[in-house]
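In this note's numbering, the protein residues as written are 2 to 724.
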């Protein structure tokens, strides 16, 4: 669900955009007429062209996000026929299993097809095991042909497409099919998010509940803006198509590696409509390291260039002017690499040779430059509605500038060539291969700073302002390069199966027979993290039993590490001998509850300027995000909850059953001998089908009550686990 924010109305960003563009075009005209260094046109022209490109790209961006749509899905009609297509290629079995289980869990009646490019026997066995149809070809040329092969063998009126690294939520079809009451709607695209929030493209802050990835702006702002112009594009996954529309354009476009963009422009050119539903209804897996990230961006860039050759938006018949501009903005974004390259080397040219792209660098120039780019920054942030992180954008610009340059070669070469595919979790032991261009930028600017300083000290630089400005920008580029290199190396060692954060109470028992209450803090199908009280933990084997959802589910784990934390002892478990039903329960629980809850709680935009005034939480005491089990006692009845945040006066707690506002009860932490009186101040339902939890805001009395709750102590009792 789209986060609720107090973001500024559209007219604020619209006015800021118009004022900024007026100033920017004045600046460019002044630069062209009065500032060129005619003795160094080889430098002056590329720098001005790079600035011109930036302003044109900014104009197209402001046009795209002028008025993002805010759609509400109407009720869906029963009786529609739907097939789910899951194309796969080299993804690991555990990943495909998650996608299939998510598809099968969708509530609206449908058929499910797994389409394996390569006809792998293990995927065929998986499809049979889970009860869905399996279609395979060993020599299909890319994803589009894989989809078309299934399209011609299925018969449903509507076709939903999910990549193998995406897991849909149960209500996906109910939210999307209702738009097809308009007979001219060809497809409905939904927003995308990713459950591995520590990926190469993510940033998140648990305390402030803010998260960002480098596709956030596209899915949360640009796509809704495109939707206003009937120009939303198919994003490769998490979309539903009308069969008749696909048949009208010959199926999914196989001529390019960007079958999503190419199919979209074909449909729009034929007069079909698109709908963008800005709600997260599926969770994917983002590239975890630099290698898969660059391979993915290279494939996207090459695909965009190929689409430009096959279906030039400037000349393709049938498109509206607004659609042409939207497609031009999307395809033109991959020329950013050339602009960044010019900006990265220009300071070094002056520091080495004393050559500027302008004839005079004085304070009047600095004032115009600062005003123009300052306004561009403010207008950009307002237009991004809280999702535009300028500093992080510069980081990723440095990371991928050469990848974008490399991708544009497809505009000249034209041929499709072999499709390079790397799963998001592909091992990446040698990130240096993609860091060579960044290292060169670092070296050129770093040596330039040294050379320029020597020239200045020796009196060979007559322009102090030019020296200071060049030193500033060269140092900035050095810092960006160091940041890019450090971040890529930091992300080398990753788990191949992402462990999802979760906070649910469990009962644990060791092989010694001791038992107690703990918190499951992270989990996937192969391992889990268990938080237990501070105490020596000498067991090598632990059994864990869920206290919520299904108390029949038990896990058998081997202790692989222990680590002291402020909240307790964190015990890492390697799961053993899981029953197939338990494994499938974990696969759906991990995404449809644990990660969905985490991502929605972390849904605040990162940028406070663009989001304007997020309503501040007025608390009388500071709170910390602690996940600790608590027990409440109401007239002899016991129930376990888990805290989300804690202070000395209140707490936010999750419970498996609703608690009415005004209810007063006794509450104690997992190992406490003292209980406090707590009152429910507010409560809300967290509906994450097929799971439901209840969140209660509690006011807690500082003084303990007279009748304390008996603390939980280890007891000689075993917990039975399902083998």
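Yeah, the Cβ is synthetic: ideal placement off N, Cα and C, and Gly gets one too.
query	result
What is the DSSP secondary structure of residue 433, counted as helix, strand or coil?	helix
Skipping 5 residues on each side, what residues in its chain have a beta carbon closer than 6 angstroms to that of residue 252?	149 and 152
Runs of 4 residues minimum, wholly inside the region 73-121: which ones carry the alpha helix (DSSP H) assignment?	94-105
Over the uninterrupted alpha helix (DSSP H) stretch that includes residue 265, give me the two end residues.	260-270
Going by C-alpha to C-alpha distance, which of 86, 219 and 556 sits closest to residue 528?	556
In whole angstroms, what is the alpha-carbon distance linking residue 282 and residue 193?	7 angstroms
Could you have a look at residue 36 and say whether DSSP puts it in helix, strand or coil?	coil
Could you check what DSSP says for residue 156 in three-state terms: helix, strand or coil?	coil
If you reduce the DSSP assignment to three classes, tell me which class residue 407 lands in.	helix
Put residue 628 into one of helix, strand or coil per three-state DSSP.	coil
Distance check for residue 37 and residue 48, CA to CA, integer angstroms please.	10 angstroms
Mind checking residue 458: buried by the 16 CB within 10 Å criterion, or exposed?	exposed
Can residue 569 and residue 534 be called in contact, C-beta distance under 7 angstroms?	yes
Assign residue 213 to one of three DSSP states: helix, strand, or coil.	strand
Which value, in whole angstroms, describes the spacing of the CA atoms of residue 693 and residue 404?	44 angstroms
Is the region 267-282 touching the region 48-68, taking contact as three or more C-beta pairs under 8 angstroms?	no
Following the continuous beta strand (DSSP E) through residue 575, name the residue where it begins and the one where it ends.	569-576
Just the Cα atoms here: how many angstroms apart are residue 613 and residue 444?	Confidence at residue 613 is low in this model, with a pLDDT of 47, below 50, so the placement of that residue should be treated as unreliable; the coordinate-derived value is given next. If you take the alpha carbons of residue 613 and residue 444, they lie about 40 angstroms apart.
I'd like the list of long-range same chain contacts for residue 319, defined as Cβ closer than 8 angstroms, with 5 residues on each side in sequence excluded.	269, 270, 271 and 272
Excluding sequence positions up to five away, which residues of its chain have a Cβ less than 7 angstroms from the Cβ of residue 352?	449, 450, 452, 453, 471 and 475
As a quick exercise: from 629, 175 and 466, pick the residue whose alpha carbon is nearest that of residue 280.	175
If contact is defined by three or more beta carbon pairs under 8 angstroms, each pair taking one atom from either stretch, is the region 202-222 in contact with the region 162-182?	no
What would DSSP say about residue 720, mapped onto helix, strand or coil?	For residue 720, the predicted structure reports a pLDDT of 44, less than 50, and the residue's modelled location is therefore unreliable. A value from the coordinates is still provided. The answer is coil: DSSP assigns residue 720 none of H, G, I, E or B.
Please report the straight-line C-alpha distance between residue 507 and residue 629, rounded to a whole angstrom.	11 angstroms
How is the alpha helix (DSSP H) around residue 371 delimited, first residue to last?	364-384
The ligand MG and residue 161: does the residue's C-beta get closer than 6 angstroms to at least one heavy atom of that ligand?	Here there are no bound small molecules, and the ligand MG is not part of this structure.
Rounded to whole angstroms, what is the Cα-Cα separation between residue 531 and residue 667?	26 angstroms
Residues bridged to residue 138 by DSSP?	118
Relative to the alpha-carbon of residue 96, which residue among 599, 640, 592 and 685 has its alpha-carbon at the smallest distance?	592
Hey, which unbroken runs of the beta strand (DSSP E) at 3 residues or more fall wholly within the region 503-572?	515-524, 528-533, 542-547 and 555-566
List the endpoints of the continuous alpha helix (DSSP H) containing residue 584.	581-589
Given this structure, state the Cα-to-Cα distance separating residue 617 from residue 182, to the nearest angstrom.	Bear in mind that a pLDDT of 42 at residue 617, under 50, signals an unreliable position, so the number given afterwards is only what the model happens to contain. About 40 angstroms.
Let me know the secondary structure DSSP gives residue 453 once reduced to three states.	helix
Quick check on DSSP: helix, strand or coil for residue 761?	Any property of residue 761 remains undetermined from this structure, which presents the chain solely from 2 to 724.
Does the region 327-339 touch the region 237-245, meaning 3 or more C-beta pairs lie closer than 8 angstroms?	no
Per the DSSP calculation, residue 132 is bridged to which residue(s)?	Residue 132 pairs with nothing; no bridge assigned.
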